[in-house]
Structure formats: structure tokens, C-alpha cells
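Notes for the one structure printed next.
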Amino acid sequence: YFVIANGVASLYNLVVLLIRRCLMQGRAHNLVVHRMDMVIMVLLATGAATAASMAELGKNGNLHTRWNPICNKFGSFCNRGGVSLVSSFVGVALMLALNLLSAAATSPRAVVAGQ
């Protein structure tokens with residue numbers, strides 16, 4: 001889920017980056033992009049949270065179900081996973097910042113102030 005969520009978000013952002021200037025003009029299109037950005041941000045956040053819960057399980061295990069921790073056996077794998085999680089949460093924070101900018105651009109005050 002983590003990899004698919006990040007792939008979908010990357011593809012969406014690439015498509016919006018390429019076609020935004022050519023095809024999408026006006027406040028209605030900005031509103032559509034803003035809402036889709038929110039959906040993508042939620043997708044990224046859920047993917048990162050799911051991966052973080054699995055990473056915690058791999059690091060600490062679950063002794064009640066006899067799932068032993070594996071990071072002491074596969075240290076480099078767990079380190080790479082941690083870097084990947086940090087990168088994903090940075091991506092979520094950047095999408096949040098993008099959503100705030102998008103919300104400011106689609107607000108009625110921004111339209112009035114721009115005229």
C-alpha cells in the first residue's frame with residue numbers, strides 16, 4: 001500500500017505539473033485541483049501511517065502473538081525503511097503546504113484582491 005500510494009501521488013503530481021498551465025485555467029479548475037490535492041495528501045498520509053505501524057511491529061515485535069522483532073537481524077533493511085518513512089512524511093508535509101497555498105489561491109478573497 002505504501003509503494004502504491006506514493007506511486008499514485010507521484011504520477012498525479014507529474015500529470016498536474018505538465019497539464020496545469022496548458023489546460024486548466026480559472027477558479028473552477030483551481031478548486032478541482034485543490035480537492036484532488038487533498039485526496040492525494042490523505043492517500044500519502046495513510047500510506048505512511050500504515051508503513052510506520054508495520055515498521056514499529058518489525059522493530060519491536062509483538063510478544064503476545066509471538067512475533068519476534070526482526071530489525072536486530074536485518075539492520076540495513078530496517079534503516080532503509082526508516083529513511084523511506086521519513087521521506088514519505090516530508091512528502092506529506094509538503095503536500096499539506098501545497099494544499100494551504102491552493103486553498104489561498106481558491107479563496108474568494110484572493111480572487112477579489114487579484115482584480
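Counting from 1, one number per residue, gives the positions in the sequence shown under full-length UniProt numbering. No residue lacks a Cβ here, since even glycine has one placed at the ideal position from N, Cα and C. Please read all numbers here as calculations on a predicted model, not as lab measurements.
Can you tell me the Cβ-Cβ gap for residue i and residue j, rounded? I've got them flagged as a contact below 8 Å.
i	j	result
residue 125	Leu43	This structure does not reach residue 125, given that the chain is present from 1 up to 115, and the question cannot be answered.
Asp37	Leu100	That pair is no contact at about 10 Å.
With DSSP run on the structure shown, which of helix, strand or coil describes residue i?
i	result
Asn62	strand
Check this for me: beta carbons of residue i and residue j, under 8 Å apart or not?
i	j	result
Ala51	Phe2	yes
Asn30	Ala105	yes
Ala48	Phe89	yes
Trp67	Gly61	yes
Keeping to the same chain, check which residues put their C-beta closer than 7 Å to that of residue i; ignore five residues upstream and five downstream.
i	result
Leu96	Met41
Cys78	Gly58, Lys59, Cys71
Val16	Val33
Gly91	Leu44
Suppose the cutoff is 6 Å on Cβ atoms and the five residues either side in sequence are ignored; what does the same chain contact list for residue i look like?
i	result
Tyr12	Ile40
Leu63	none
So, at 8 Å on beta carbons, what are the nonlocal neighbours of residue i in its own chain, with the 5 sequence-adjacent residues on each side left out?
i	result
Ala103	His34
Leu85	Ala48, Ala51, Ala52, Ala55
Gly81	Ala51, Ala55, Gly58
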